[in-house]
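Residue numbering for the sequence shown follows my numbering, starting at 1 and increasing by one per position. All residues carry an ideal CB built from backbone N, CA and C; glycine is no exception. Note that the coordinates shown come from a computational prediction; the quantities given were computed from them, not determined experimentally. A quick write-up on the structure given underneath.
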Amino acid sequence: MSKTLKWPPNASSLSLSCAEEMVPTQLYNFLAWVVRISDEPTVSTKVDVNDNMHRKLLSLSQDIIQLALNGKRTMPKYMSLGMAVRHLSGSAQLTGLLNCLGHCSSHASVLEHDTALAQQHLDYRGKLPPTIIPDKFITLVWDNIDFWRGDC
1 MSKTLKWPPN ASSLSLSCAE EMVPTQLYNF LAWVVRISDE PTVSTKVDVN DNMHRKLLSL
61 SQDIIQLALN GKRTMPKYMS LGMAVRHLSG SAQLTGLLNC LGHCSSHASV LEHDTALAQQ
121 HLDYRGKLPP TIIPDKFITL VWDNIDFWRG DC
């Protein structure tokens, strides 16, 4: 659990790969053994499981870390779920309910995160967003699908 999220966490900080880095191998493997997904007695690397079980083990591991640290360290699952619920539903009550059940960050934390991201954007004075890397080529494909069939 050496890695902590920088404030404010951006999209790459709330990704599955970031959660993989934050979850200790021993906890992950112990949970895989407890729920009988794997019988491999390894401690050096995470056991090999299918993608569906991998996401579930990461979710459960983050729950245990959040519980053990009493919410003092924000895990990617908690902030990303809180942000997703807020942006998709706009419901403070739903975010609060999920927070009370221990599934996501509080509504106040989500608003604080949103405000910090907005402030970070306002403070940045460059012409390009900070996630754009100079001299790195990208491909953009765009189609507005405006075929006229003549029967409209």
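Cβ-Cβ separation, residue j to residue i (assumed contact under 8 Å), whole Å
| i | j | result |
| --- | --- | --- |
| residue 23 | residue 62 | 7 Å |
| residue 31 | residue 60 | 6 Å |
| residue 29 | residue 47 | 5 Å |
| residue 82 | residue 44 | Contact flag wrong, Cβ pair sits at about 34 Å. |
| residue 103 | residue 79 | Not a contact, Cβ separation roughly 12 Å. |
Straight-line gap, residue i to residue j (C-alpha atoms, nearest Å)
| i | j | result |
| --- | --- | --- |
| residue 134 | residue 20 | 28 Å |
| residue 106 | residue 91 | 12 Å |
| residue 153 | residue 3 | No statement about residue 153 is possible, as the shown extent of the chain runs from 1 to 152 and does not include it. |
| residue 155 | residue 53 | The structure shown has nothing for residue 155, since the chain only spans 1 to 152. |
| residue 141 | residue 39 | 46 Å |
Per-residue burial, residue i [other beta carbons within 10 Å of its own, 16 or more giving buried]
| i | result |
| --- | --- |
| residue 76 | buried |
| residue 7 | exposed |
| residue 89 | exposed |
CB contact flag (residue i, residue j, <7 Å)
| i | j | result |
| --- | --- | --- |
| residue 86 | residue 74 | no |
Practice prompt. Within the region 8 to 78, note down every full alpha helix (DSSP H) run reaching 4 residues or more, in order along the chain.
Written response: 16 to 22, 25 to 34 and 51 to 68
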